Each structure stands twice: as structure tokens, then as C-alpha cells.
Amino acid sequence: MQLTRPTSAIDPRLFGKGRTRALPSAPAAGWTPSADLKLFATTFAAGFLVVSILIG
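So this is what it looks like as C-alpha cells:
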């Protein structure tokens, strides 16, 4: 298969590999149970509202 490829073709082993980028450091925010509880409560309330509308 290697011999049938054109000489101008890119090496197939490089497929899907992008440039290496330097990522900015993430802020050191710790895990907060209040944020998780707020997310759960909001999701539960929105789901309850949607189901209530669909049933009613």
C-alpha cells in the first residue's frame, strides 16, 4: 500500500494529529458541593416543569 501512494501524499500515520498547543493553566477552583447542588436542583426543577406540561 505504501508503494501505491503518490509521493506528494501526506504520511497516513499523521492523520488526526493536530499541532501541539500550549494550554493556559486552569484556575485552581476546588470542588464545591453548593454548586453541584444548585445544578442538580435547577435540572430537577426544569425536568419537573417539562414533564408537568407534557402530562397536563
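To convert, take the position in the sequence shown, counting from 1, and add 84; that gives the numbering used here.
The beta carbon of each residue, even a glycine, is placed where N, CA and C say it ideally should be.
Note that the structure is predicted; figures quoted are calculated from it, not measured.
Just how far apart, CA to CA, sit residue i and residue j?
i	j	result
Arg89	Arg103	24 Å
Ala119	Phe132	20 Å
Ala93	Lys101	16 Å
Thr116	Arg97	43 Å
Ala125	Ile139	21 Å
Leu107	Val135	41 Å
Thr91	Leu121	58 Å
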